[in-house]
Amino acid sequence: MGSNMAENHPVGFQWVMEARLKGATVMHVDPRFTRTSAMANLHVPIRAGSDIAFLGGIVNYILENERWLDEYVKHFTNAPVLIDERFQDTEDLDGFFSGFDPDKRIYDTSTWHYAGMPVQETAGERSKGGTKGEQSGHGAQAGHLAHGEPPEEDETLQHPRCVFQLLKKHYRRYTPEVVSQICGCTKEQFLEVAEALCENSGRERTSAIVYSVGWTQHTVGVQYIRTAAIIQLLLGNIGRPGGGIMALRGHASIQGSTDLATLYNVLPGYLPMPHAEKDTDLAAYLDNHAGTTGWWGHFDAYFISQLKSFWGEHATKENDFCFDYLPKIDGDHSTYQSAMDMIDGKVRGFFLFGENPAVGSANSRLQRFALASLDWLVVRDFVEIESASFWKDAPELETGELKTEEIGTEVFFLPAASHVEKDGAFTNTQRLVQWHFKAVEPEGDCRSDLWFVYHLGRKIREKLAESDNPRDRPILDLTWQYATSGPLEEPSADQVLREINGVGPDGSALGTYADLKPDGSTSSGCWIYCGIYGDEENKAARKHPGQEQSWVAPEWAWSWPLNRRILYNRASADSNGKPWSERKKYVWWDGRKQKWVGEDVPDFQEDKPPTFVPPDDAEAEDAIAGDHPFILQADGRGWIFAAAGLMDGPLPTHYEPHESPFENPLYSQRANPTRQLSPRKENPYNPAASNAYPYVFSTYRLTEHHTAGGMSRTVPYLAELQPEFFCEVSPGLAEERGLEHGGWATIITSRTAIEARVLVTERMKPIVVDGRAIHQVGVPYHWGTRGLTKGDSGNDLFPVALDPNVHIQEVKAASCDIRPGRRPRGKALRELVESYPSTLEASA
Amino acid sequence: MKPGDGVETYGREAQPRVGFFTDTSVCIGCKACEVACKEWNLVPDDGLVWTGNSYDNSGELSANTWRHVAFIEQEAPDPLKRGKHDFRWLMESDVCKHCTHAGCLDVCPTGAIFRTEFGTVVIQDDVCNGCGYCVTACPFGVITKRELGGDGGMHKCTLCYDRLQDGMEPACAKACPTDSIQFGPLDELVERARERCGDLVEAGVSEARLYLADENDGIGGAGAFFLLLDEPEVYGLPPQPIVPTKNLGTIWGAAAVAAGALAAGVAAAFLGSGK
Amino acid sequence: MRPGELIGRWPLLRQVREGDAFGLGRAVQSTRTQELRPRTDAAQHVVQSICPYCAVGCGQLVYVRDGKVDQIEGDPDSPISRGRLCPKGAASKNLVTSPSREYKVKYRPPNGTEWEELELGQAMEMIADRVIETRKATWQKQGDSGAPTERTMGIAMLGGATLDNEENYLIKKLAMGLGVVQVENQARI
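Residue numbers (numbering that gives the first Met the number 0), protein chains in the order written: chain B, 0 to 843; chain S, 0 to 274; chain G, 0 to 188.
As structure tokens, this is what we get:
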């Protein structure tokens with residue numbers, strides 16, 4: 000669901016096809032009929048933005064029909080745990096949970112906690128802070144449990160305040176009829192999916208759920224994935240082979256860039272960035288973020304080792320290991336906020352590393368205004384992308400809103416080296432860190448980003464060397480001694496990887512994060528990568544042929560943590576440590592050897608028996624019981640109910656997209672009340688349920704192109720395969736609006752209007768919701784003003800409306816109008832757009 | 000499958016006949032075959048023309064497109080799916096058929112087209128003069144001339160003749176993510192294809208059929224055959240292709256006598272031109 | 000060429016001598032055809048790599064000849080991809096050798112109407128100067144609440160998901176040293 004795997008991950012899809020040939024059932028629940036739908040046993044079209052209703056319906060189906068895996072649910076999840084008696088559900092409050100502050104549009108989440116717990120900040124999470132989600136998503140959760148077991152639970156799952164009963168209550172109205180009403184599929188289609196999923200789960204069988212940005216790019220995106228997590232925990236499908244929830248990520252190292260944290264809210268290894276108001280010194284930071292129980296119990300060791308990697312000998316116990324050197328955050332500093340701050344003159348300089356926001360970000364029109372407001376801009380890419388050339392070819396020049404001579408941005412375009420021109424590793428979508436070796440030297444001025452960053456840092460340090468301003472100490476004290484080689488003075492990626500891995504007191508590479516210490520004697524740039532350079536071997540570069548290994552192929556590359564291929568794999572055995580079935584045997588307790596053994600590296604303390612009950616004073620991993628596999632959680636359990644960590648609710652709730660043609664049939668509260676809106680001149684919204692914008696539209700990728708097009712529109716063999724920007728509409732919509740197949744259409748929102756060639760296809764079926772046929776307009780987003788094939792950018796149409804947890808934009812469901820013919824040119828384009836309604840109100 | 004015409008010239012050096020089995024029932028329409036072919040064979044891009052014909056912008060096989068993925072959007076029940084579905088999207092990667100009786104090979108007047116020791120049919124770029132006889136002799140419309148910016152010669156799939164020399168699999172088959180394109184000894188492929196087709200028919204896909212896997216058809220069977228889910232015409236393939244040079248053997252027989260008489264004179268001319 | 004050799008190459012003679020009377024097979028092979036081998040045979044070295052497009056992480060083999068990338072195809076040893084590639088992965092050589100690629104630094108001065116040339120070394124000096132100046136001008140000791148922030152809100156960075164892990168780490172480390180908190184990548188998008 001929310002994924003078009005056959006088109007966007009074709010080589011990964013080989014495993015789906017192979018499974019299908021062996022008898023697996025492949026189901027595709029998605030608004031569009033794609034190349035994935037064509038290959039599925041079942042395609043269920045649902046309205047864009049209605050997935051939580053569909054998934055919530057499955058939760059309800061499992062509960063109503065008693066299809067959950069009882070032993071798994073009771074031992075491995077928090078289903079038995081009692082929740083604070085002050086908690087109120089969306090069923091009680093018509094679409095709100097307890098704790099909502101209507102003025103700030105945020106929740107005080109303290110009533111969502113486990114009953115009987117002191118109200119505390121949860122580790123790694125600012126759940127009741129006044130700012131929005133800036134540290135959310137990662138880090139330790141539910142720290143400060145007195146010990147690994149929650150204070151109150153009911154193993155019979157009957158107590159009205161236990162998670163299980165709250166879950167039942169929350170989803171009881173998500174009946175097949177309601178699913179059909181909201182999603183626009185038939186009741187029978189829904190039931191077929193729900194039944195197939197249940198039938199294929201249990202001791203003998205497992206089911207996997209695959210998602211991609213079709214789930215994340217919503218104002219309630221995190222909760223989409225949470226709903227899938229609930230289903231998989233109920234059915235016993237996590238931590239087991241053939242199970243899980245697979246996020247199919249779209250860039251070669253998008254996982255690595257998240258792990259190593261080119262994100263404002265986290266440091267490498269998902270350690271939260273310190274917050275100005277609360278993390279006033281090292282002790283406060285550790286107190287706020289370290290867990291008492293679970294593996295986050297060693298948070299101090301991970302963090303202090305990281306400070307040692309950054310500042311080396313300068314980081315001492317006396318100076319809080321240079322904690323004060325870290326800049327602090329105090330709000331949303333995500334990329335959309337930065338773009339708006341560029342327009343407002345706050346952000347003056349900008350680096351782009353292989354990213355093209357002038358095409359690839361939501362409201363790319365706003366992004367271009369942002370670029371045009373900068374003092375200086377550095378673009379590093381293979382080709383001259385739109386974000387480098389906007390000053391001479393942005394569409395806003397044609398409308399007269401921008402003038403080249405008036406754009407003050409100084410632009411440096413620096414050509415980048417390609418993957419074959421440098422050593423380094425990508426982390427793939429399964430956390431597999433794979434090394435690629437340099438094949439040739441880069442030509443001309445092309446350089447790796449490693450080269451650029453290292454030498455830029457070196458130059459800045461040289462220029463500041465004489466400074467006595469305290470502001471410059473962090474940059475001057477940074478460990479920045481990297482060996483270079485060759486005529487280009489390329490720094491060693493291998494050496495950087497070794498630093499990420501970390502070293503012990505004797506200077507040799509560490510083999511496991513369990514050896515990290517909070518006393519400054521060890522260093523590690525990213526604790527979850529610790530072990531990747533164990534025994535002084537670059538394990539990411541292991542290329543032992545897959546065909547010469549077990550099916551798990553542990554000697555091909557390395558996956559974090561500690562080369563575990565399936566996370567939480569202790570759950571592949573039952574509560575007693577026995578495989579759930581012979582068929583699904585993976586990791587199990589060997590009573591004779593008194594340890595966990597199996598196909599994979601056990602994701603559990605190797606010698607902790609399944610019967611282990613932690614003593615009251617146990618800490619960190621020692622506080623986790625032998626039948627609780629989720630060792631990063633403070634209670635070792637999979638969280639059906641998210642007692643902390645989320646901004647918008649402990650249980651996923653169906654909300655309409657921000658721009659939806661519908662009201663919410665379940666609650667008076669239409670959309671996610673905590674969604675993040677930024678109304679401003681460059682970012683107006685379509686009024687809710689407006690007749691002027693009667694159609695739903697989505698953007699997506701095509702197999703033949705890549706993201707914002709910089710790596711495909713410029714490549715002849717790819718450009719020719721999809722050589723023009725087009726939109727996809729149903730024959731019904733074509734008739735309704737007079738659109739001609741092969742002709743042109745103009746698509747309009749309150750941001751702008753774009754033109755595209757028209758592909759009329761039966762694949763775009765209108766979806767009947769509440770007796771009303773809703774047409775959808777499909778728009779691949781790869782095009783821009785440059786490249787071998789040019790076209791308008793689909794992302795120009797979207798507003799910035801974000802998920803409150805992760806600040807990801809809603810571009811999978813918005814409203815639009817469409818009319819035949821090409822768009823107006825020049826000023827007439829703005830006149831057309833302004834003839835449509837818009838709003839700057841940020842209504843709840 | 001019978002050996003291809005001409006393979007007997009290799010005597011004991013002849014290799015087991017190899018080819019492609021393209022199983023369209025698992026084709027995801029990704030076009031990796033098109034690109035992998037171009038990368039390996041250095042085939043130029045074929046122009047930036049949007050056709051509006053589903054996702055097919057390559058159009059047809061040509062000198063600059065040796066693999067072509069056809070996309071067919073059909074309002075028809077899909078027996079591969081559970082329950083009621085009234086729409087299906089068929090995809091098929093087309094290629095030169097490397098016919099047993101190959102019209103192109105028969106008519107090529109320059110000796111540019113030849114049968115390889117693997118039973119495949121290849122055009123030699125350095126010999127072809129672009130006369131175009133082969134174009135009309137191909138019942139599938141596979142061959143065209145590389146005109147603008149090209150060498151003016153005729154081009155088509157070589158079944159990666161160069162790669163075969165080292166026992167490497169052709170580029171398209173190697174790249175194919177779902178094994179829709181399978182390469183191997185033809186006899187093995189035919190056997191595998193029959194089994195797969197039988198399974199599909201048994202599973203209710205009554206229209207599943209093998210195309211060009213019959214050595215008694217109008218081209219003597221092909222070195223590249225297909226499992227289709229509908230009539231060949233639906234994919235733009237001729238339902239009963241016949242090699243236009245079917246009766247050429249007898250014609251050549253009559254011509255042979257005359258040709259022999261000419262041989263001595265031509266030999267003298269050839270020597271003279273070599274000075 | 001000696002007459003004997005030449006006559007030996009006469010196709011008709013070869014057709015008769017090589018048992019290929021109709022010129023269908025062996026007899027019509029040109030010298031070039033006879034000597035044909037996969038061009039990867041001539042590669043000086045072959046390097047194991049990973050596809051730069053999506054996050055499946057397919058294995059690639061990069062063949063290098065005369066210091067240039069001569070071919071990129073799937074690595075059969077990879078348990079992830081088993082030697083297969085999608086159209087984008089298969090187009091990787093087309094990507095790294097694309098005519099659209101830029102090999103020179105380009106510079107656009109403020110309010111400029113054309114790109115200008117700039118030496119890489121000079122560009123690096125100028126960028127370092129810009130960072131230092133902007134950082135100084137926008138240094139923020141305290142946030143709105145008065146709490147110490149010790150950072151610059153005047154510089155932002157975006158991108159990283161197409162880069163190597165090591166590059167991301169170094170970007171983040173440098174940003175932390177410089178007090179730049181607005182470090183973001185495609186994962187947010």
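C-beta atoms are modelled at their ideal positions from N, C-alpha and C, and glycine is treated no differently.
On a predicted model such as this, the values are computed, not experimentally measured, just so you know.
{"Asked": "6 Å CB neighbourhood of W39 (chain S) in its chain, flanking five on each side removed", "Found": "A170"}
{"Asked": "Closer than 7 Å to chain B by CB, A127 (chain G)", "Found": "yes"}
{"Asked": "Chain S within 7 Å of M38 (chain B), Cβ atoms only", "Found": "yes"}
{"Asked": "Inter-residue CB distance, L196 (chain B) and S206 (chain B) (contact presumed, cutoff 8 Å)", "Found": "5 Å"}
{"Asked": "Buried or exposed by the 16-neighbour rule on C-beta atoms within 10 Å, applied to P15 (chain S)", "Found": "exposed"}
{"Asked": "Beta carbon of K516 (chain B) nearer than 7 Å to that of P44 (chain B)", "Found": "no"}
{"Asked": "C-beta neighbour in chain B for V25 (chain S), strict 7 Å", "Found": "yes"}
{"Asked": "Chain-ordered chain B contacts of P37 (chain G) [CB-CB under 9 Å]", "Found": "Here the premise fails: no neighbours, minimum Cβ distance about 18 Å."}
{"Asked": "Contact check, H806 (chain B) vs S507 (chain B), beta carbons under 7 Å", "Found": "no"}
{"Asked": "Segments assigned beta strand (DSSP E), at least 3 residues, entirely inside the stretch 350-413 of chain B", "Found": "375-380"}
{"Asked": "Sheet register partners of N77 (chain B) (DSSP bridge)", "Found": "N77 (chain B) is not bridged to any residue."}
{"Asked": "Identity of the residue in G:Y102, G:D163, G:S99 and G:A41 nearest V63 (chain G) by Cα", "Found": "G:A41"}
{"Asked": "6 Å CB neighbourhood of G271 (chain S) in its chain, flanking five on each side removed", "Found": "In this prediction, G271 (chain S) has a pLDDT of 47, which is less than 50 and means its spatial position is unreliable; nothing more can be read from the coordinates."}
{"Asked": "CB contact check: K83 (chain S) to chain B, cutoff 7 Å", "Found": "no"}
{"Asked": "Below-7 Å beta-carbon distance, D40 (chain G) vs any chain B residue", "Found": "no"}
{"Asked": "C85 (chain G) at chain S interface by Cβ criterion, 7 Å", "Found": "yes"}
{"Asked": "Length of the line joining the Cα atoms of Y904 (chain B) and Y654 (chain B)", "Found": "In the structure as shown, chain B begins at 0 and stops at 843. Residue 904 (chain B) is therefore absent and cannot be evaluated."}
{"Asked": "Proximity of A223 (chain S) and H100 (chain S) at Cβ, strictly below 7 Å", "Found": "no"}
{"Asked": "Contacts of R31 (chain G) in chain S (Cβ-Cβ under 9 Å)", "Found": "Q123, D124, D125 and V126"}
{"Asked": "Beta-carbon neighbours of K173 (chain S), restricted to chain B and to distances below 7 Å", "Found": "Per Cβ cutoff of 7 Å: no residues; K173 (chain S) is ~12 Å from chain B at best."}
{"Asked": "Residues near H137 (chain B) in its chain [Cβ-Cβ closer than 6 Å; skip 5 each side]", "Found": "Confidence at H137 (chain B) is low in this model, with a pLDDT of 43, below 50, so the placement of that residue is unreliable and no value is reported for it."}
{"Asked": "Interface flag, K811 (chain B) vs chain G, CB-CB below 7 Å", "Found": "no"}
{"Asked": "Between the CA atoms of K327 (chain B) and V866 (chain B) - distance to the nearest angstrom", "Found": "It is not possible to answer for residue 866 (chain B), since the shown part of chain B is limited to 0 through 843."}
{"Asked": "Any chain D beta carbon closer than 7 Å to Q13 (chain B)", "Found": "Absence of chain D from the displayed structure is noted, the protein chains being B, S and G."}
{"Asked": "Reduced DSSP secondary structure (H/G/I, E/B, other) of W49 (chain S)", "Found": "coil"}
{"Asked": "DSSP beta-bridge partners of R150 (chain G)", "Found": "G:Q139"}
{"Asked": "Partners in chain G for A424 (chain B), counting only beta-carbon separations shorter than 9 Å", "Found": "I49, D163, N164 and E165"}
{"Asked": "Contact under 7 Å by Cβ, A75 (chain S) with E91 (chain S)", "Found": "no"}
{"Asked": "Whether I253 (chain B) touches Q185 (chain G) by CB criterion (7 Å)", "Found": "yes"}
{"Asked": "First through last residue of the beta strand (DSSP E) which encompasses Y106 (chain G)", "Found": "K105 to R107"}
{"Asked": "Local conformation of G183 (chain S) per DSSP, three classes", "Found": "strand"}
{"Asked": "Same chain, Cβ closer than 8 Å to R34 (chain B), five either side skipped, listed in chain order", "Found": "N3, A5, E6 and T702"}
{"Asked": "contact_flag[the stretch 473-484 of chain B, the stretch 151-166 of chain G] where n(CB pairs < 8 Å) is 3 or more", "Found": "no"}
{"Asked": "Neighbourhood of R66 (chain B) by C-beta distance below 6 Å, restricted to the same chain and skipping five residues each side", "Found": "C197"}
{"Asked": "Alpha carbon of A136 (chain G) to alpha carbon of D280 (chain B), nearest angstrom", "Found": "26 Å"}
{"Asked": "Through-space distance from W526 (chain B) to N500 (chain B), alpha-carbon basis", "Found": "7 Å"}
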